[in-house]
Amino acid sequence: VQPGDLVEDSLEPIDFGRIGAQAAKQVIFQKIRDAEREQILNDFLARNESLVTGTVKRLDRGNAIIESGRIEALLPRDQMIQRENLRIGDRVRGYLSRVERGGRGPQLILSRLASEFIIKLFELEVPEIEEGLLEIKSAARDPGIRAKIAVKSNDRRLDPIGTCVGMRGSRVQAVTAELGGERVDIILWSEDPAQFVINALAPAEVNSIRVDEDSHSMDVVVDEDQLAQAIGRSGQNVRLASELTGWTLNIMTEDQAHEKDAAESSKLRDLFVNRLDVDEEVADILIQEGFSSLEEVAYVPINEMLAIEAFDEGTVNELRSRARNALLTEAIASEEQVEHAAEDLQSMAGMDQDTALLFASKGIKTIQDLADLAVDELSELTGIDAERAKELIMTARAPMFE
-19 VQPGDLVEDS LEPIDFGRIG AQAAKQVIFQ KIRDAEREQI LNDFLARNES
31 LVTGTVKRLD RGNAIIESGR IEALLPRDQM IQRENLRIGD RVRGYLSRVE
81 RGGRGPQLIL SRLASEFIIK LFELEVPEIE EGLLEIKSAA RDPGIRAKIA
131 VKSNDRRLDP IGTCVGMRGS RVQAVTAELG GERVDIILWS EDPAQFVINA
181 LAPAEVNSIR VDEDSHSMDV VVDEDQLAQA IGRSGQNVRL ASELTGWTLN
231 IMTEDQAHEK DAAESSKLRD LFVNRLDVDE EVADILIQEG FSSLEEVAYV
281 PINEMLAIEA FDEGTVNELR SRARNALLTE AIASEEQVEH AAEDLQSMAG
331 MDQDTALLFA SKGIKTIQDL ADLAVDELSE LTGIDAERAK ELIMTARAPM
381 FE
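Residues -19 to 382, numbered by our numbering, are exactly what the sequence shown covers, in order.
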């Protein structure tokens, strides 16, 4: 026989019997159905469609099986809008939140609670969005009760809010009906974060906003009679506004804002008096000029401090020198504390100096501190892999079992 030759050989017929043949037939048909089903799903996913419209085919322990054309999707009970009771044959829409792959092939999982769902519904009702004239920047929902969406116009001639509302409210009402009566506030998006927050908190009127970039939060000051409206029932309005804008929002009255300012100023005054060895008058001048830390006093451009009328060049240089010395002393003390704390950890078997210093810098100063942590906590806190974290934690816990 040469390579490429056709070789034929007869096989003895295998007698499966009637039952065996029937079982084989069922297996073959099932495999064909599974392959067809997966191909249909793959074709659907290839179209990048995330809004599924179909009818309820059956209900299974509260979950709804939605049939849309030749595909089936699962709408879990916990992804339905509260008080929503679907029946077989009902027409329903859902957002494709994920695809689960199991033994029976891929399964489409829908959600009617996702913020993306309301965005897709508006895209369906407002053709200007698909045309690129209008853009939904973000959305926040309390499903079935209230929602906020932020819209931006890419065409100056277009009113983004009016376009989404539609003639006599037809467009927003269609979305509200699909969401079980969910009230939708349409907010004008702004690239200015403070203005965006003011818009998001409407109809409450905002007096002033103080932005803290470091903590990504804002103190929002309102009149006493606007406080309840700004916060909303059970905090709903401020919660949705915070989610919509991406900022942590602290709502307060003018009196509360003054009290907070006084407390922060007092704390800052004590810091400057004690660490810079100056009197309260000098500390108050620094606070009034906007200085809020030793780092700012030490390292802001010298021209900014020379611009302060109450300070001459000698005073400025002395303040900068004292601030830098205070920071250096603080850094040395912190390093010594870390090294001292790391000594206890270094005594543990399997622990090296670098890892002990890393742990101590993260507040893990003793073997007991290490033993009290879970594996995922230690990995997240220090960045070491889970296997190494588990090994060190078990070593730290070993004395407990002796």
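Every residue, glycine too, gets a C-beta built ideally from N, C-alpha and C.
(request) Kindly indicate which three-state DSSP category Ser188 falls into: helix, strand or coil? (result) strand
(message) With H, G and I counted as helix, E and B as strand and the rest as coil, what does DSSP make of Gln62?
(response) coil
(message) Starting from Ala210, trace the alpha helix (DSSP H) in both directions and tell me its first and last residue.
(response) Leu207 to Ile211
(message) For Lys37 and Glu16, which I take to be in contact (beta-carbon distance under 8 Å), what is that distance rounded to the nearest angstrom?
(response) That belief does not hold up - the Cβ atoms of Lys37 and Glu16 are roughly 17 Å apart, past 8 Å.
(message) Considering only their Cβ atoms, is the gap separating Leu224 from Lys128 smaller than 8 Å?
(response) yes
(request) Assign Arg67 to one of three DSSP states: helix, strand, or coil. (result) coil
(message) Quick check: what's the CA-CA separation for Glu105 versus Val155?
(response) 8 Å
(message) Let me confirm a value: Pro183 is counted as buried when at least 16 other C-beta atoms fall within 10 Å, else exposed. Which label applies?
(response) exposed
(message) I'd like to know whether the C-beta atoms of Leu76 and Leu90 end up nearer to each other than 8 Å.
(response) yes
(message) If you reduce the DSSP assignment to three classes, tell me which class Arg38 lands in.
(response) strand
(request) Could you pull the start and end residues of the alpha helix (DSSP H) that Asn179 belongs to? (result) Pro173 to Ala180
(request) Enumerate, from N- to C-terminal direction, the unbroken alpha helix (DSSP H) stretches of 4 or more residues contained entirely within the segment 67 to 144. (result) 95 to 105 and 107 to 110
(request) Ignore the nearest five residues each way along the sequence and tell me which others in Ile46's own chain have a CB closer than 8 Å to its CB. (result) Val32, Gly34, Thr35, Val36, Lys37, Glu52, Ala53, Leu54, Leu55, Val72, Gly74 and Leu90
(request) Would you mind stating whether Asn187 and Val202 have Cβ atoms separated by less than 8 Å? (result) yes
(request) Excluding the 5 residues preceding and the 5 following Val296 in the sequence, name in chain order all residues of the same chain whose CB lies nearer than 7 Å to its CB. (result) Ile282, Met285 and Leu286
(message) In this structure, how does DSSP classify Met198 when only helix, strand and coil are distinguished?
(response) strand
(message) Between the alpha carbons of Glu96 and Ala119, how many angstroms are there, rounded?
(response) 7 Å
(request) Measure the C-alpha to C-alpha separation of Ile344 and Ile364 and round it to an integer number of angstroms. (result) 14 Å
(message) For a test of the three-state rule: what should DSSP assign to Ser222, helix, strand or coil?
(response) helix
(request) Please classify Met380: is it buried, with 16 or more other beta-carbons within 10 angstroms of its beta-carbon, or exposed? (result) exposed
(message) Buried or exposed for Ile12, going by 16 or more other Cβ atoms inside 10 Å?
(response) exposed
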